[in-house]
Every structure is written in structure tokens, then in C-alpha cells.
Amino acid sequence: MNHILLVEDDIIDQKSFSREMGQLSYSYHIVSSIAEAESYLAENTCDVIIADYFLGDGTAFELLEAFPALPVIIITGAGDEDIAVQAIKRGAYDYLVKDLDHSYLKRLQVSIENALVRHQLAAAEREQRAFADALRDVAMVLNSTLELEEVLNRILQNLRRVIPHDASNIMLIKDDSAEIVHSWNCFEPGSSDPPAPLVIANEAHLNHMLLTFQPVVIPAVKMNNACILTGDQTGTMQSYVGAPISMGESVIGFLNLSSFTPDFFTARHAERLQAFADQAAVALKNARLYQQGRELAALQERQRLARDLHDSVTQTLFSAHAFAEATAKLWENNPASIGEELNQLRRLTRGALAEMRTLLLELRPQTLLDADLSELLKQLLDNMAGRTSIQVDLRIPKTFLLPPEVQTAFYRIAQEALNNVEKHSQAGRVTIDLLNLKQQVVMQIEDDGRGFNKDQALPPRTGFAVMRERAEEAALELAIDSQPGKGTRVTATWQRPPSPQTP
789 MNHILLVEDD IIDQKSFSRE MGQLSYSYHI VSSIAEAESY LAENTCDVII
839 ADYFLGDGTA FELLEAFPAL PVIIITGAGD EDIAVQAIKR GAYDYLVKDL
889 DHSYLKRLQV SIENALVRHQ LAAAEREQRA FADALRDVAM VLNSTLELEE
939 VLNRILQNLR RVIPHDASNI MLIKDDSAEI VHSWNCFEPG SSDPPAPLVI
989 ANEAHLNHML LTFQPVVIPA VKMNNACILT GDQTGTMQSY VGAPISMGES
1039 VIGFLNLSSF TPDFFTARHA ERLQAFADQA AVALKNARLY QQGRELAALQ
1089 ERQRLARDLH DSVTQTLFSA HAFAEATAKL WENNPASIGE ELNQLRRLTR
1139 GALAEMRTLL LELRPQTLLD ADLSELLKQL LDNMAGRTSI QVDLRIPKTF
1189 LLPPEVQTAF YRIAQEALNN VEKHSQAGRV TIDLLNLKQQ VVMQIEDDGR
1239 GFNKDQALPP RTGFAVMRER AEEAALELAI DSQPGKGTRV TATWQRPPSP
1289 QTP
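When the sequence shown is numbered by the numbering used here, its final residue is 1291 and no position is left out of the sequence of numbers.
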């Protein structure tokens, strides 16, 4: 039933209004001042305000300012056109002049009915706008993060903006059961753990959503089923609405709301809840794809490390083992000639040790940030020296600190450049220079190999594209210089940011 608030300080007009309202299907309340109206509306609601213009503590314009969302009809005994114009400009729905025979009350009925329609349309518009804003907010979160917990939390937060309720949760299906994975106000403070997973076939409301892909409204939740339906362990929830979360042709979970009020949720609530459940499905799909991608990347990385271990360390250790056996036999026949074999054995074992350290860096990336860049570069050169006969030189200054992303980029660029030298250059020597200058840090990797014509397309499968990507990620400048028969030089430069000037 629609509710009217009359603000009128004239007793006769109050009685006339009461007689008229007694013939209509509206409830009403009468107050005598602006202060009483504000006090009443602080704890109650109404659909239309009818106010005399002149009141003992002000004018009806104050109500227009205090309650802009409510339609206000102003009535007055003074037919002042200026006041009427001001009233309409300030947002009054209508302005009526009292007459002696109170025939204005008949016109007031029509004005009330029109104001109610307008108020309902405005409320529906605000509700729809809030619903659209909430869905847009959830969609923005879906596009900005792949963290499932954050997305699900935002979905439940936005639900409270458009569907009133007292508790909510999200369930996901695992095997034949549904388990609560995220909730809001489902349990009283200090309650025990969440309910155990529910067997879907034993719960009619969940089974219905699973089979029909349609939401369910339960007007009156039985006390002994309150915990099962809503996750409420206190048994105080009285009504329920739920919607399936579907992905493709499968239901993967449920979005559940409950209320302390019996017969609270409507088909409109169910329709809107389904829209949020569809957003939750998108979030779950994206999060699962992200997790699968991470797992696949981790698997591929493990497989790559296994190949590297087999191709590099295993081969080096096999060669070292062969040299050790040959040296032992040589010792028996000609002990004076084993010096070179021992040097070769030492080179191989040193290279194997360096390769193992490099693989450990790949397994524990934080170590790459904690170590000195000079030690990392030395380790890369030790790897090369252990596998090849290429002479290596490293010229570096004293230890200095670099931002993590810059240190990682220098290391990866050096790693790719040395791989190129080993696989493609046919070089006899390679040198790494690291220059710590005042305004920049420069790393140069130069070999005396066969080189290539840099004016033509870069040789395929040489890692130069990877080097450029690493440089761009850390804002490094990368230059590659080469000539046929004159080797190759790779230069990576990091410009130090300007120091803040002291006043």
C-alpha cells in the first residue's frame, strides 16, 4: 500500500484531508511542522509528501531540498503565482491552491495518483541504473584481474547494491557435491567452520538448478533446512533465491542469497541474480584458463630444464667421466703425461658445476635478483668454458646495485648472446665488458667469429628477437653490430634516472 505524509499545521485542513484519504486505498501520516516531518522520515518511508507552503517553522521549499528523491505536492491558501513558479522550478511535483469548499482535495487525488506513477517510474529507473552499474563494475574487475578471490568478492559486494539480502555465498561443484568457496555474512561472528559439501542429488533446489539451468526461489525456508539451503548455521534465514553458474553445457556452481524475511525474494530478484551468476561464470572461466596456462608454462619450463640438464650437464659429466678413466689408464703407463688430461678434466667439471648453478637459477628466480651481476656473468662464461674451447674474458668494475628488472634483462641478454656465440659464430674468443658510468650502465659482448651482414635480415634462430624483448621490458637500449669475418658486438645500455635535486 502506498503511504502519504501530510505536513499541515491547520487542524481543519488536517481533518478534511483525513476524511478524503479514508475513501482511498492509501495509508497516511500527519505531522504539523518541518521538524516533525524530518524526524518522521528519519525512521520511516513514504511515497508522496503533501505539504502546506507556510508552516510554523519554515516553508515547504525546505522539504524539497531535504528530500529531493520524493515527489512533493505543495498546497497553499495564498494563490501567489510567483510562489507557484518557484515551487515548480525547485522540483515540486504540483502546486494546488486551497479553496473554501475543499474541492481542491478532488484535484489532489489526481495529483497523488500521477505523483505515485512518476515516483515508481523514477524508482524503477534508479534500480535499473544501479543494476547496470553493478554489472559494469563486475565486468571491469573481470577485465582487470585474474585473481579469482577478488572477482568473487566483488560480485558479492555488488549484489548487495541491487538485491537486498542478509547472507550470500558462492558454491562450486566438485564431483557430485557443492562446496561454499566464498561467502558474505553467512555465519554469525565466532561460528564454527562452514558446512560440509552438499551432495547435489540429495538437495532438491540444487538438483533442480543443475538439471534446468534456471534459478530457484523458495519463499519460506523450513527451519531444519536453513543451514542446507543458505549455509546459515543459526537457522534464522527464512527465504532463499539461488542461480546456477554455468559454463557451456555444464553447471559448475551456484550463487545463493538468503533473507531473514519470509517470502522476500521475487522472480525479478531471481532474474537479476542469474545475470550475476553469468558474470561469475566468466570469472571462473578466466581464472581457470589462467591457472591452466600457469600450470602449462610450469610444465614446459620443467621440460626445458630437463632437456638442458640432459643436453648440457649430462653430456659434460659423461665427458668428464671418460677423461677420468683415460687419465687413470694413462697414469699407469706414463704418469708424466697426464697434466693436460687433468686440466681438461678440471675444465669439464668446472663447466658442469657452472651449468648446474645456472639451472638452479632457473628453478629459483629470486636467486637471480639476490646475486651480483658480475657473479652471474662469470657463471655464464664458466658454462661456456666448460663446454667449448672458446677463450673467455670478463672485465667488470666493483660490485654495484641495479634495479631487479634491469639486472634480469642484462643477464638474459648476455645469456642469449653467449648462446649465439657458441652455436653460430665459430669464434675463438669472447669478451664481456661491464661499464658502470655516472649516467648509464653499459654491457658489451664481443666475439671474433664469422659475423654476418647486419644490413640484411638477421640470421634465423639466433635469439636477437628475444634480446630485443628483454631490452624493451627493462627500458634498455640494444645495439647489434657485425660484419662478415669480423665478429659481432652486442651492446645493452641502461640510462640511469636523473637524481632528485635537493632544494
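Backbone N, C-alpha and C fix where the C-beta goes; we use that ideal spot for every residue, glycine too.
Cα-Cα separation between residue i and residue j, rounded to whole angstroms
i: Pro952; j: Ala1008; result: 16 Å
i: Ala984; j: Glu991; result: 13 Å
i: Arg1060; j: Leu986; result: 25 Å
i: Ala910; j: Asn1044; result: 29 Å
i: Glu869; j: Asp840; result: 15 Å
i: Met959; j: Leu1165; result: 51 Å
i: Glu967; j: Leu994; result: 12 Å
i: Gly810; j: Lys877; result: 32 Å
i: Phe849; j: Arg917; result: 28 Å
i: Ala1063; j: Ala857; result: 28 Å
i: Gly1174; j: Ser1034; result: 57 Å
i: Ala1159; j: Arg1200; result: 14 Å
i: Gln1232; j: Asp1221; result: 5 Å
i: Arg1056; j: Met1025; result: 20 Å
i: Gly729; j: Phe842; result: Past the boundaries of the shown model lies residue 729; the chain is included only from 789 to 1291, so the question cannot be answered.
Run of the beta strand (DSSP E) containing residue i, from where it starts to where it stops
i: Gly1041; result: 1038-1047
i: Gln1283; result: 1276-1283
i: Ala1031; result: 1027-1035
i: Ser965; result: 965-972
i: Leu1190; result: Note, Leu1190: premise wrong, no beta strand (DSSP E); not H, not E.
i: Val860; result: 860-864
Unbroken alpha helix (DSSP H) run spanning residue i, endpoints
i: Gly1174; result: 1161-1175
i: Ala1267; result: It is not in any alpha helix (DSSP H) - Ala1267 instead sits in the beta strand (DSSP E) that spans 1265-1270.
i: Tyr828; result: 822-831
i: Leu875; result: As written in the sequence, residue 875 is Ala, which differs from the Leu given in the question. Start and end: 869-877.
i: Ile792; result: Per DSSP, Ile792 belongs to no alpha helix (DSSP H); it is in the beta strand (DSSP E), 791-795.
i: Ser806; result: 799-810
i: Ile951; result: It is not in any alpha helix (DSSP H) - Ile951 carries neither H nor E in the DSSP assignment.
i: Glu1261; result: 1252-1261
Whether residue i touches residue j by CB criterion (9 Å)
i: Val1005; j: Thr1049; result: no
i: Ala1267; j: Val1278; result: yes
i: Ala922; j: Asn941; result: no
i: Leu893; j: Glu808; result: yes
i: Asp797; j: Ser821; result: yes
i: Leu1161; j: Gln1195; result: yes
i: Ala1280; j: Phe1188; result: no
i: Thr1176; j: Glu1234; result: no
i: Glu1265; j: Trp1282; result: yes
i: Met1172; j: Leu1206; result: yes
i: Gly1239; j: Gly1216; result: no
i: Ser899; j: Ile861; result: yes
i: Pro1191; j: Asn1224; result: no
i: Ala830; j: Leu851; result: no
Sequence-distant residues of the same chain with beta carbon closer than 6 Å to residue i, five excluded per side
i: Ile961; result: Ile1040, Gly1041
i: His791; result: Ser815, Cys834, Asp835
i: Trp972; result: Leu944, Ser956
i: Gln874; result: none
i: Glu1193; result: Ala1262
i: Pro1291; result: For Pro1291, the predicted structure reports a pLDDT of 48, less than 50, and the residue's modelled location is therefore unreliable. A value from the coordinates is still provided. So the list is empty, once near-sequence residues are dropped.
i: Val925; result: A small fix is needed here, since residue 925 is Asp in this sequence, not Val. Hits under 6 Å: Asn946.
i: Ser1047; result: His953, Asp954, Ser1027
Opposing strand residues paired with residue i [DSSP bridges]
i: Gly846; result: Leu843
i: Met1231; result: Leu1222, Ala1280
i: Arg1183; result: Asp1221
i: Lys886; result: DSSP output for Lys886 lists no bridge partner at all.
i: Val1004; result: Gly1030
i: Asn957; result: Ser971, Asn1044
i: His817; result: Leu793
i: Leu986; result: Ala966
i: Ile838; result: Leu794, Ile861
Nonlocal neighbours in the same chain, by C-beta distance under 7 Å from residue i, ignoring five residues either side
i: Ser804; result: His890, Leu893
i: Ser813; result: Met789
i: Ala823; result: Asp845
Chain-order list of residues whose beta-carbon lies under 8 Å from that of residue i (same chain, five-residue window excluded)
i: Arg1284; result: Lys1226, Gln1227, Gln1228, Val1229
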